[in-house]
Amino acid sequence: DGGITQSPKYLFRKEGQNVTLSCEQNLNHDAMYWYRQDPGQGLRLIYYSQIVNDFQKGDIAEGYSVSREKKESFPLTVTSAQKNPTAFYLCASSLGSGTDSPLHFGNGTRLTVT
Amino acid sequence: GQNIDQPTEMTATEGAIVQINCTYQTSGFNGLFWYQQHAGEAPTFLSYNVLDGLEEKGRFSSFLSRSKGYSYLLLKELQMKDSASYLCAVRGSSQSWGKLQFGAGTQVVVTP
Numbered sequence: 286d287g288g289i290t291q292s293p294k295y296l297f298r299k300e301g302q303n304v305t306l307s308c309e310q311n312l313n314h315d316a317m318y319w320y321r322q323d324p325g326q327g328l329r330l331i332y333y334s335q336i337v338n339d340f341q342k343g344d345i346a347e348g349y350s351v352s353r354e355k356k357e358s359f360p361l362t363v364t365s366a367q368k369n370p371t372a373f374y375l376c377a378s379s380l381g382s383g384t385d386s387p388l389h390f391g392n393g394t395r396l397t398v399t
Numbered sequence: 157g158q159n160i161d162q163p164t165e166m167t168a169t170e171g172a173i174v175q176i177n178c179t180y181q182t183s184g185f186n187g188l189f190w191y192q193q194h195a196g197e198a199p200t201f202l203s204y205n206v207l208d209g210l211e212e213k214g215r216f217s218s219f220l221s222r223s224k225g226y227s228y229l230l231l232k233e234l235q236m237k238d239s240a241s242y243l244c245a246v247r248g249s250s251q252s253w254g255k256l257q258f259g260a261g262t263q264v265v266v267t268p
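And the structure:
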């Protein structure tokens with residue numbers, strides 16, 4: 286079955302450490318995205334990528350970095366510069382740049398930084 | 157700026173109908189999506205509207221009025237499994253097609 290896999294489901298880190306969240310898709314989708322979800326707020330876009338080796342900042346990119354070396358993979362690094370990293374992180378993909386392409390989401394990674 | 161508003165919570169009984177409203181103010185408009193999200197899980201796609209009118213998909217229907225910046229999701233014959241958060245999301249101008257803007261979600265509680 287095709288889908289998006291995020292790992293791990295739960296992640297715990299100490300403050301000051303960088304951490305990388307994995308996202309892999311086998312849907313052959315061109316576009317991939319990272320969102321952050323906090324209680325009482327809508328999903329906020331961190332980074333997105335339309336094609337391999339290209340990515341764009343979203344609305345809250347500060348303190349995060351990404352890479353897109355392969356079509357299937359879009360890892361997100363939460364750096365120590367991110368002031369409030371504890372959140373639920375969702376990776377998504379879509380077929381392309383067509384406006385009617387829905388996003389397909391992974392099951393998320395819940396990151397807790399203490 | 158961009159703004160998407162939807163009610164925080166709605167409660168309805170099993171078998172009833174619930175209508176979740178969404179109003180939006182965005183830079184350009186290239187479609188509105190509704191997603192369902194159960195607690196701790198991934199959002200799943202429900203519907204897409206880009207033209208005015210009603211789209212029906214089984215027990216779920218979604219309506220759009222672009223002139224009013226308004227959409228609603230109608231859930232009919234409610235079942236207990238419909239208890240979830242429902243997210244309204246708008247795709248803005250084509251220059252920023254990747255930036256799907258989400259509302260905070262409406263938590264629907266279905267009671268027996």
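Residue numbers (the working numbering), protein chains in the order written: chain C, 286 to 399; chain W, 157 to 268. All residues carry an ideal CB built from backbone N, CA and C; glycine is no exception. Bear in mind that the values here come from a model prediction, so they are computed numbers and not experimental data.
For the beta strand (DSSP E) containing residue 335(C), name the first residue and the last one.
The residue given as residue 335(C) occupies position 50 in the first sequence. Residue 335(C) -> no beta strand (DSSP E), and no H or E assigned at all.
So the candidates are 303(C), 328(C), 332(C) and 344(C); which of them puts its Cα closest to the Cα of residue 192(W)?
Locating residue 192(W) in the second sequence gives position 36, counting from the first residue. Of the candidates 303(C), 328(C), 332(C) and 344(C), the one whose C-alpha sits nearest the C-alpha of residue 192(W) is 328(C).
Between residue 359(C) and chain W, is the shortest Cβ-Cβ distance under 9 Å, so that the two count as touching?
Along the first sequence, read from residue 1 onward, the residue named residue 359(C) stands at position 74. False, the Cβ-Cβ gap to chain W never drops below 9 Å.
For the putative contact between residue 234(W) and residue 171(W), defined by C-beta atoms under 8 Å, what is the C-beta separation to the nearest angstrom?
Counting from 1 along the second sequence, the entry for residue 234(W) is found at position 78. Counting from 1 along the second sequence, the entry for residue 171(W) is found at position 15. Between residue 171(W) and residue 234(W) the Cβ distance is about 6 Å, and since that is below 8 Å, they are a contact.
So, using beta-carbon positions, are residue 363(C) and residue 353(C) closer together than 9 Å?
In the first sequence, the residue the question calls residue 363(C) occupies position 78. In the first sequence, the residue the question calls residue 353(C) occupies position 68. No; because the gap between Cβ atoms is not below 9 Å, this pair is not in contact.
Chain W beta carbons: is any one of them nearer than 9 Å to that of residue 296(C)?
Taking the first residue of the first sequence as position 1, residue 296(C) is located at position 11. False, the Cβ-Cβ gap to chain W never drops below 9 Å.
List the residues of chain W whose Cβ lies closer than 7 Å to the Cβ of residue 387(C), in chain order.
Numbered from 1 along the first sequence, position 102 holds the residue referred to as residue 387(C). By Cβ distance, chain W contributes 189, 201 and 204.
Give the C-beta separation of residue 190(W) and residue 207(W) to the nearest angstrom, bearing in mind that I take them to be a contact with Cβ-Cβ under 8 Å.
Here residue 190(W) refers to the residue found at position 34 when the second sequence is read from its first residue. Here residue 207(W) refers to the residue found at position 51 when the second sequence is read from its first residue. Not really, about 15 Å apart at Cβ, beyond 8 Å.
Under 9 Å between the Cβ atoms of residue 301(C) and residue 365(C)?
As a working note, residue 301(C) is residue 16 in the first sequence. As a working note, residue 365(C) is residue 80 in the first sequence. Contact flag set, yes.
To the nearest whole angstrom, what separates the beta carbons of residue 332(C) and residue 346(C), a pair I think is in contact under 8 Å?
Taking the first sequence and counting its residues from 1, the one referred to as residue 332(C) is at position 47. Taking the first sequence and counting its residues from 1, the one referred to as residue 346(C) is at position 61. Confirmed, Cβ separation roughly 6 Å.
Chain-ordered chain W contacts of residue 310(C) [CB-CB under 8 Å]:
Looking up residue 310(C) in the first sequence gives position 25. By Cβ distance, chain W contributes nothing, its closest Cβ being about 12 Å from residue 310(C), past 8 Å.
Starting from the C-beta of residue 295(C), find all residues in its chain whose C-beta is less than 7 Å away, skip the five residues before and the five after it, and write them out in chain order.
Position 10 of the first sequence, counted from the first residue, corresponds to residue 295(C). Excluding positions up to five away in sequence, the list reads 395.
Shortest alpha-carbon distance to residue 381(C) belongs to which of 312(C), 305(C) and 350(C)?
In the first sequence, the residue the question calls residue 381(C) occupies position 96. Out of 312(C), 305(C) and 350(C), 312(C) has the C-alpha closest to the C-alpha of residue 381(C).
Per-residue contacts from residue 258(W) into chain C (C-beta, under 7 Å)
For this step, residue 258(W) is matched to residue 102 along the second sequence. Within 7 Å Cβ-Cβ: 327 and 328.
With 9 Å set as the bound, which would you pick, yes or no: does the beta-carbon of residue 348(C) sit closer than that to a beta-carbon of chain W?
Looking up residue 348(C) in the first sequence gives position 63. It does not; no Cβ of chain W falls within 9 Å.
DSSP three-state call for residue 213(W): helix, strand or coil?
What you label residue 213(W) is simply residue 57 of the second sequence in a count that begins at 1. Note: residue 213(W) maps to strand in three-state DSSP.
Length of the line joining the Cα atoms of residue 358(C) and residue 231(W):
Taking the first sequence and counting its residues from 1, the one referred to as residue 358(C) is at position 73. Taking the second sequence and counting its residues from 1, the one referred to as residue 231(W) is at position 75. So the two alpha carbons sit approximately 36 Å from each other.
So if DSSP puts residue 241(W) in a beta bridge, which residue, or which two residues, is it bridged to?
In the second sequence, the residue the question calls residue 241(W) occupies position 85. Looking at the DSSP assignment, residue 241(W) forms a beta bridge with 193(W) and 263(W).
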